Amino acid sequence: MTDNHRRCTRLTWRLGCAVRSLFSYILQDMLSHRIAGRLPNGRIVAIGTIFLQYANEEESPEEEEEEGECHTFAQVLEPPPYGSPGDGAWQWRSLPGTIVRHSDGGAGCVLSDGRFAVFGGMKNERTPTSSCEALTFDADGRARWEFLTPKLRRRLGLACVAIGGCVIIAGGEPSNTVEAYEEGLGRWRKLPCNIPHDSQRHGIGSAWTRC
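The numbering of the sequence shown is the UniProt record's numbering, which starts it at 1 and goes up by one.
This is the structure:
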């Protein structure tokens with residue numbers, strides 16, 4: 001085998017690996033860990049995670065580990081623009097992702113001023129985060145995320161509820177404490193109570209109405 005033949009063979013092998021990696025990158029994505037809330041105007045905001053998995057050609061199937069990174073996406077379900085053709089069905093529109101990328105365990109609720117906020121979760125480094133962000137819609141419909149005051153503790157898998165101008169969060173990992181966010185003052189304070197266990201609190205929700 002000549003040197004040119006060897007170089008072509010190596011180039012072909014690398015190109016094949018690159019193509020397989022690209023398809024693995026695209027096809028093995030996974031939508032997960034969704035958070036949603038209904039805004040005062042009836043629109044629905046949904047936050048989720050796309051996990052993009054990379055293929056490692058140097059590892060055998062027995063040694064292969066899940067590698068990749070998470071990208072947070074956001075969408076809003078809203079009516080079509082006034083005067084647009086169609087049957088008037090509501091449509092999903094893509095929004096900017098959160099500033100801090102979350103891969104798991106965040107919570108969300110609608111604040112008293114009508115903004116949708118997300119709290120905590122797990123970053124790509126597989127560590128809980130204390131970040132808090134709120135989604136603001138401008139008059140022209142454009143959306144942007146803004147940081148709120150970080151929580152006192154880093155958490156993932158927390159429970160969250162908004163009531164009376166406050167946001168109360170409880171539990172999660174690695175803390176069983178309870179915190180309250182005072183929206184008007186923009187500050188967190190620890191409440192004098194704990195929940196029994198510092199475990200994740202997925203699948204918790206709440207609803208209330210004015211009497």
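Glycine residues also receive a C-beta, built at the ideal position from the N, C-alpha and C atoms. Being a predicted model, the structure only gives us computed values, none of them experimental.
Item: Within a Cβ cutoff of 6 Å, which residues of the same chain sit near ILE195, ignoring the five residues on either side of it in sequence?; Value: ALA170, GLY171, ASN176
Item: Helix, strand or coil: which one does DSSP assign to LEU95?; Value: strand
Item: Three-state secondary structure (DSSP) at VAL76?; Value: strand
Item: Any chance the stretch 78 to 93 sits against the stretch 148 to 166, with 3 or more Cβ pairs inside 8 Å?; Value: no
Item: For PRO192, which of helix, strand or coil comes out of DSSP?; Value: strand
Item: Would you mind sorting GLY120 into buried or exposed? The rule is 16 or more other CB atoms within 10 Å of its CB.; Value: buried
Item: CA-CA distance, CYS160 and GLU183?; Value: 14 Å
Item: Apart from the five residues just before and just after SER94, which ones in its own chain have a Cβ nearer than 6 Å to its Cβ?; Value: GLN75
Item: Comparing C-alpha positions only, which one of THR49, GLU133, LYS123, GLY186 sits nearest to CYS109?; Value: GLU133
Item: Measuring CA to CA, which of LEU185, PRO96, SER112, ALA139 is closest to PRO40?; Value: SER112
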